[in-house]
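Taken in sequence, the protein lines are chains A, B, C and D.
Using our numbering, the letters of the first sequence map in sequence onto residues 1 to 177.
Using our numbering, the letters of the second sequence map in sequence onto residues 1001 to 1456.
Using our numbering, the letters of the third sequence map in sequence onto residues 2001 to 2118.
Using our numbering, the letters of the fourth sequence map in sequence onto residues 3001 to 3399.
Accompanying notes for the structure given below.
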Amino acid sequence: MSPIEFALVAFVLACALATAVLRDVLGSIIAFAAYSLGIAVIWVVLRAPDVGLTEAAVGAGVTTVLFLLTIAKTVRPSGERILERLDLPALGVAVALVGVLATTLGALPPVGGSETPVITSEVTAYYLEHAYKEAGVKNAVTAVLAAYRGFDTLGEAVVVYSAGVGILVVLHREVFA
Amino acid sequence: MIDGLSGTMIVLVAVSALGVLSYARAAGPRSNPFYAAYLLLVAGLTGMSVTGDLFNLYVFLEITGLAAYVLVASDDSGRSAIAALRYLLIGTVGASLFLLGIGYAYIATGTLNMGDLATQIAEVGYTATLVQAAFAFVVVGLFIKVAIFPLHTWQPEAYASAPDSVSALISALVSTVSAYALVRVVYTAFTADFLEANPLAADLLGAAAAVSIVAGSLLAVAQSEVKRMLAYSSVAQFGLVVAAASLVNETAMIGAVVHLVGHALMKGSLFLAAGVVATATGARTVSEYDGLVDRLPVGAGAFGVLALAMVGVPPTLGFVGKWYIALGAVESGSWVLVVVIVASTLLTLAYFARLVERMFFRDPATALADEVGVAASEDEAEVVADGSDLGATDGVVTSGSDPATDGGDDAPSTDRVTFGMYAVVVVTAVLAVALGLAVFEYAEFLEPTITRLLTP
Amino acid sequence: MIDLLATRYYYLVTFLLLGVGAYMMIGNRNLVKKVIGMNIFQTGIFLFFIAAAYLEGASPPVLTAEAPHVSPLPHVLILTAIVVGVSLTAVALGLIVRIYADYGTLDAEVLWEVRHDD
Amino acid sequence: MTEIDSLRPLAAVLVSAVAIAPILASYRRPNLREGWTMLAALTTFGLVASMVPGVLAGDTYVTDFGTFVPGVESNVAFALRVDPLGLLFALLASTLWVITSLYSIGYMRGLNENDQTRYFAAFAGSVSAAVGVALADNLVVLFVFYELLTVATYPLVAHDQTDEARRAGRKYLAYTFGGGVAVLAGTLLVVWLTGTVDFSAGGIAALAEADPALARVAFALLVGGFGVKAALMPLHSWLPDAMVAPTPVSGLLHAVAVVKSGVFGIARVVLDVFGPETVGDLGMGLPLAAVAAFTLIAASIIALRQDNLKRRLAFSTVSQLSYIVLGLAVLHPRALTGGLLHIPAHAFMKLTLFFCATTSPRWRASASACPRRWSRSRLPRSGWRASRWSRASSASGTC
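Structure (structure tokens):
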């Protein structure tokens, strides 16, 4: 683990914890924005620049704006205390979840190893080999997104559309009528 | 990927959606975004039914979920908004756990296609930790979506507070198609061999199902609101389906599919019938159903028939499904499940008999006099009382006035029970009985699919 | 043990993020913070996928770069999942605005009480 | 012995079921409604009676619709079959329905009863189900009609819509559906043990070879399940409570159709599913006989202490039914004949007793067995008749 990665991971975890314990919602949202930014950098470190770009724009950008809009429309409970009170049952559930997940840690292949099924799978090899020939795009992610897994992307578009329709339904803004 | 199983689901989705639409045309929230969300829900459900790819399934699951959350909140009340938000949070956790399960499966095998996964998982080994973890998270994630007992907490409030047409649509289809997805993933991607290699997994499925049946029924008995009662009943009924899926044998699988279809039709139209009752008389709680038959003979009759079908009185659809499942359990020799399945009839009876008794064997006047807000039926009740005093003619005579006019006085004055609303409820009530006799033909059509599912 | 952690710390981070997300969704009473928790829960899973695609010393899946490349498939999946996550957040926040308009509070426990009084 | 493919068994079952529709439809015109009832009753009777000569000549009438639910080895057919035992019960139910319908009309109108349409509709449904029980060709079909009978008779028990009636109705449903569940479980066990549920004279051969412990469990479940309706002690307590129903219901259903369908179920189980020999081999005859004998005596003693006339008759029914069960349990041809003969004998006598018990509306409220009120001076003709029938049943050694 390089020092940069270590610092990044520590930063992300710290931000996540901060969102959880800060009592002020605005503070929590700011911590969340920082968290998203940290995650976006991690994506880049893990050689996923497309994902990093999207995360920075959507996660850190759009989502934060949405949250800010929401507290502008509602309230921002500002208390006398800075930190939330600890909720023990929730902590128990969280610890149990992490505990259960941690039991699978040993079975997972090392990150970055060259022998993992994901890296050696035919699917990966096929995409990397044929992406340019078949789709004519140098970026394999774009090729897969638009061509090989076009249905998922269509579904993604539908989800965004649903969200738009959903907001209309939920907030009763009748624009078609 | 279309076989007998997914074909069944597509037809079910199409038919139920059409039926609910003809109800919602008159009763439902009438706005263009509502219909857009409605169509998106149907699109998502159809997508879930036909896809053969795990991640694709996740995307469609989210489309379905998103449309469902929105539809629950499609009326004006704050209550439905809270229920929808709760549904959204818990539903998202379910979908995310499902995605995590996909992640484990992908890391273990490097593929996402279900057919491909079946062979790859066999190579990796059924008892590998990664495969087991993938199974566990996929199942738990879908359990949340199906609303199996300890993970059902979003469901009753969402069903109870949504507009009637939405409750019917969601109760008929969303959990049903999620249960289909569960069967599909477990049997197509993990295959029956996985369950054989991990008997504990099958046992846990069966145990969860048994708990769900018992707990769901007991909670249903405790409800005072009719729609909540119906919602808890779904928790129990899906327990039956999961129980069948855990048995790994043909008869039980056919039973699971028959019960899925049967439950969808019956529960969907029970919600519609509850909607008709609420629109016509304003009655929404169990105690307000007193003497319903005098005020709304057709509605009460259809409700009664559907309730009996749900209990599993032969020869209705509900009975045939249970028979197949119980027979499957007997064939597998899982006696505990046999006992639970057979006893589930009594448990179901426990909450429906209460309602039937109130509808048919109580006088409305006594119970309604002290109810505020249902004044609409007061004068009607008096007429009934007079009628029975007169003697030779009986009480039913006086209820001959068109039910549509009943609620018209001052209760929900804008809503009226139209012919279309009645037609849907009555047609499904008839179907619930008639289809019971046709199930065997259908089972023979389904058999090749099931055989292929069980022998990879 | 140390070796295990040294090679798999991204997975461990995933698990911890899931834990934090779960804690926020259950433990925090403010609805907006529950939604933030939901987002953290989801990004935890994203990290799981992206870490699985990573190959030590490989270049991004852009074919102009030198081979070997990391696997492009999980990246695509996560791109889709991120958009799904944002859509869900948007709808959730829309619901929150409506709940606030109706009840004037965002405290989950207070809302629970109010609803039971209905 | 020839098998005749005929739709007559099906028609006999369906006529009264179909009659529900016109009965409900003519709720505004009581005369027409009762006309439909009588028409259906006479048609059913005619159809059943028309099969008597054939059956006496040794033929069986069969309606077979093929498979409707699967079994393990052979699938379960939706089939009706008229054999002597079934015909006896069907004839009994349909004959007495004609008589009871006539009585009902006077009774219901005379007392200005509520919901008469529901009453007549449910009555027609009950008879349809009872005939179905009689003519069922296998355990599953028998179970189907057995459950339908429960559903159809429930509205009749709870008819009065008083708290008492509702409580009785609830008890009735709980007991009989519980019994139904036991029958279902027993049926599943039989399917699993033998692969078939078809009745065959002398029993299903495969059962004799099956694991005796499981076979015993199956027998206990089936007999226990049918025993609920047959009011074997300690499963009898719904019957006296169900006497809150209008008298024709108590008469026809709770002295004839419902309780006898339970007894009939036991007869089928003993004779055609297990076969007397297998029952004997399994050692189940003696326990059944013991239960029957206990019920016989205990119910009679309780009947002595009942002041309400209908309750007294109800306990008498409990006791009389055990004669039939006892006859079956002894597993001897003569005992069997006696037991089966007692089915029609008890039906006629008990029905008449019930009719007499409440010929006057004034008596309905306080129908009491107290001798002072139960005198000829108050109700000369029915009092006389009742005592005569009581004597007749004692004469046959059964009261």
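Backbone N, C-alpha and C fix where the C-beta goes; we use that ideal spot for every residue, glycine too.
Note that the structure is a prediction, hence the values are computed from the model and not measured.
Assuming residue 1148(B) and residue 1093(B) are in contact, meaning their beta carbons sit under 8 Å apart, how far apart are those beta carbons, in whole angstroms? The Cβ separation is near 14 Å, so there is no contact.
Bridge-paired residues (DSSP) for residue 2069(C): 2059(C)
Of all the CB atoms in chain E, is at least one closer than 8 Å to the CB of residue 124(A)? No chain E appears in the structure shown, which is made up of the protein chains A, B, C and D.
Burial state of residue 3003(D), where buried means 16 or more other Cβ atoms lie within 10 Å: exposed
Pull up the distance between the alpha-carbon of residue 1332(B) and that of residue 3195(D), whole angstroms please. 14 Å
If we ignore side chains and look at the alpha-carbon of each, how far apart do residue 1042(B) and residue 3216(D) end up? 52 Å
Cβ of residue 3143(D) less than 8 Å from any chain B Cβ? yes
Nearest to residue 1202(B) by alpha carbon, out of 1177(B), 1139(B), 1076(B)? 1139(B)
Neighbour flag for residue 2103(C) against chain A, beta carbons, 8 Å: no
Is residue 1338(B) closer than 8 Å to residue 3188(D) when the C-beta atoms are compared? yes
Would a C-beta distance cut-off of 8 Å place residue 1033(B) and residue 169(A) closer than the cut-off? yes
Which residues, in order along the stretch 126-138 of chain A, keep a beta-carbon less than 9 Å from a beta-carbon of chain C? 127, 128, 131, 132, 137, 138
Residue 24(A): which of 93(A), 126(A), 84(A) sits nearest, CA to CA? 84(A)
According to the neighbour-count rule (16 or more other Cβ atoms, all chains shown, within 10 Å of its Cβ), is residue 3029(D) buried or exposed? exposed
Could you tell me whether the Cβ atoms of residue 1009(B) and residue 1177(B) are closer together than 8 Å? yes
Under 8 Å between C-beta atoms, does residue 49(A) make it to chain C? yes
Where residue 54(A) meets chain C, residues with beta-carbon distance less than 9 Å: 2078, 2079, 2082, 2083
As assigned by DSSP and simplified to three states, the class of residue 1490(B): This structure does not reach residue 1490(B), given that chain B is present from 1001 up to 1456, and the question cannot be answered.
So, helix, strand or coil for residue 2053(C), using DSSP? helix
Just checking my contact of residue 3293(D) with residue 3239(D) at CB under 8 Å: how many whole Å lie between their CB atoms? Not quite, the Cβ-Cβ distance comes to about 18 Å (not below 8 Å), so this is no contact.
Would you list, in sequence order, the uninterrupted alpha helix (DSSP H) runs of no fewer than 4 residues that lie entirely inside the stretch 3084-3152 of chain D? 3084-3110, 3116-3135
Close beta carbons around residue 3020(D), own chain, < 7 Å, minus the five adjacent residues each side: 3121, 3124, 3125
Residue-chain proximity (residue 162(A), chain B), Cβ-Cβ < 8 Å: yes
Short of 7 Å in beta carbon distance, which residues of its chain neighbour residue 3282(D), apart from the five on each side in sequence? Order them along the chain. 3212, 3215, 3216, 3219
Would you list the one or two residues that DSSP bridges to residue 3337(D)? None, per the DSSP bridge assignment.
C-alpha gap between residue 3329(D) and residue 1248(B), whole angstroms: 41 Å
Buried versus exposed, by CB contacts within 10 Å (16 or more), residue 1086(B): buried
Between the Cα of residue 2051(C) and those of 46(A), 52(A), 53(A), spot the shortest distance and give me the residue it belongs to. 46(A)
Length of the line joining the Cα atoms of residue 1303(B) and residue 1359(B): 9 Å
Whole-angstrom distance between residue 29(A) and residue 1324(B), CA atom to CA atom: 53 Å
Are there 16 or more other CB atoms within 10 angstroms of the CB of residue 3053(D), so buried, or fewer, so exposed? exposed
Would you check if the distance between the CB atom of residue 1179(B) and the CB atom of residue 1317(B) is smaller than 8 Å? no
What are the start and end residues of the alpha helix (DSSP H) that includes residue 5(A)? 3-21
Interface residues of the stretch 3097-3127 of chain D facing chain B [CB-CB below 8 Å]: 3109, 3112, 3113, 3114, 3115, 3116, 3117, 3118
Any beta-carbon of chain C closer than 8 Å to the one on residue 1268(B)? no
What first and last residue would you give for the alpha helix (DSSP H) that runs through residue 1189(B)? Per DSSP, residue 1189(B) belongs to no alpha helix (DSSP H) and is neither H nor E.
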